[in-house]
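All the letters of the sequence shown, read from the start, carry residue numbers 21 to 165 under the numbering used here. Just so you know, even glycine gets a beta-carbon here, dropped at the ideal spot from N, CA and C. Below is one structure, written out as structure tokens; comments come after it.
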Amino acid sequence: MSRAAERALPVYLQTLKQSENLGEEVLADQQQIVELDKRRQATREAIRAVRREKEARKMWVMMGDEFVKVEKGTLQDWLESDQSVLDKEIDSVRDGLKEKVQALKRLEGEEIPRGFFLNSMSKDELSNISSVGRVKERYLDDIDE
């Protein structure tokens, strides 16, 4: 083995080790997102079930190993709070995942695709866009008349 190869081997092994570690972290984060999304879906189903129940003022809920009877409004507040926490946690893991994927691509010498760090639009932004579209349609209808 040449001297250049002997010097490059530790660098190559270190890069390979970092790449393997990042790959494992990416897979772990993806699995965590799947698990959190399952919990979020279950919470969403529970919220809908509570809203559909018209007659009950109190409802039974399992907390840990016990069943507890709770006011319907309180239960709904708890579930919506849990939903909010889960949404934030999923967003946090996704943001970290993007950074890890970016670092992994850099280690592998790949180019990061354009638009990789785009963020989805909020409900307010989407409603603003749709309201602008309706105003434009009305304006164009007025011109046609």
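Per DSSP, cross-strand counterpart(s) of residue i
{"i": "M79", "result": "V90"}
Chain B within 9 Å of residue i, Cβ atoms only
{"i": "F87", "result": "Absent from the structure is chain B; it holds one protein chain and no more."}
Rounded Cβ spacing between residue i and residue j (contact assumed at less than 8 Å)
{"i": "V70", "j": "M79", "result": "7 Å"}
{"i": "L56", "j": "I110", "result": "5 Å"}
{"i": "G43", "j": "L124", "result": "6 Å"}
{"i": "E45", "j": "K120", "result": "5 Å"}
Cβ neighbours of residue i in the same chain (closer than 6 Å, five flanking residues each side left out)
{"i": "K89", "result": "K78 and W80"}
{"i": "E26", "result": "none"}
{"i": "Q122", "result": "I132"}
Spatially closest choice to residue i from the options, by CA coordinates
{"i": "S103", "options": "K118, D85 and R68", "result": "In the sequence under discussion, the amino acid at residue 103 is Gln, which differs from the Ser named in the question. That would be R68, whose Cα lies nearest to the Cα of Q103."}
{"i": "T63", "options": "V121, Q96, E131 and L124", "result": "Q96"}
{"i": "S140", "options": "T94, D85, D49 and R114", "result": "R114"}
{"i": "K108", "options": "R60, E73 and D85", "result": "R60"}
{"i": "E73", "options": "F87, E91 and E86", "result": "E91"}
Same chain only: Cβ atoms within 7 Å of residue i, ignoring 5 sequence neighbours per side
{"i": "G116", "result": "D49"}
Beta-carbon proximity list for residue i, same chain, < 8 Å, skipping 5 on both sides
{"i": "I53", "result": "I110, V113, R114 and L117"}
{"i": "T249", "result": "Residue 249 lies beyond the stretch modelled for the chain, which goes from 21 to 165, so this question has no answer here."}
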